[in-house]
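A.B. asks:
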């Protein structure tokens, strides 16, 4: 993993890839959604041109997953 990234989204993309990929992470962040809907939402949250964003609780969950993975 890199220590420095150009944008916050690049850093989160690397965490997502390290933890198991967007589909795996999305299912953990939004277990109430279908896997495809959760995956689309995560991709929208990571797209800086879209209005969707990760809420603070889900951002903490993602960072905790990354920390657990090392």
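Residue numbers (the numbering used here): 1 to 70. Ideal placement from N, C-alpha and C gives every residue a C-beta, glycine not left out.
Under the three-state reduction of DSSP, which class applies to residue 33: helix, strand or coil?
C.D. replies: Start at 1 with the first residue of the chain shown, and residue 33 comes out as number 33. Residue state, collapsed to three classes: coil.
A.B. asks: Leaving out five residues on either side along the sequence, give the residues of the same chain with a beta carbon under 6 Å from the beta carbon of residue 44.
C.D. replies: To locate residue 44, count along the chain shown from 1; it is residue 44. Result list for residue 44: 50 and 52, in chain order.
A.B. asks: Ignore the nearest five residues each way along the sequence and tell me which others in residue 58's own chain have a CB closer than 7 Å to its CB.
C.D. replies: Stepping through the chain shown from its first residue, residue 58 is reached at position 58. Counting only Cβ-Cβ distances below 7 Å, and skipping sequence neighbours, we find 29.
A.B. asks: Taking the CB atoms as reference points, tell me whether residue 26 and residue 41 lie closer together than 8 Å.
C.D. replies: For the purposes of this step, residue 26 is taken as the residue at position 26 of the chain shown. For the purposes of this step, residue 41 is taken as the residue at position 41 of the chain shown. For residue 26 and residue 41, yes; Cβs fall inside 8 Å.
A.B. asks: Taking the alpha helix (DSSP H) that residue 56 falls in, what are its first and last residues?
C.D. replies: Counting from one through the chain shown, the residue named residue 56 turns up at place 56. Run containing residue 56: 56-69, per the alpha helix (DSSP H) assignment.
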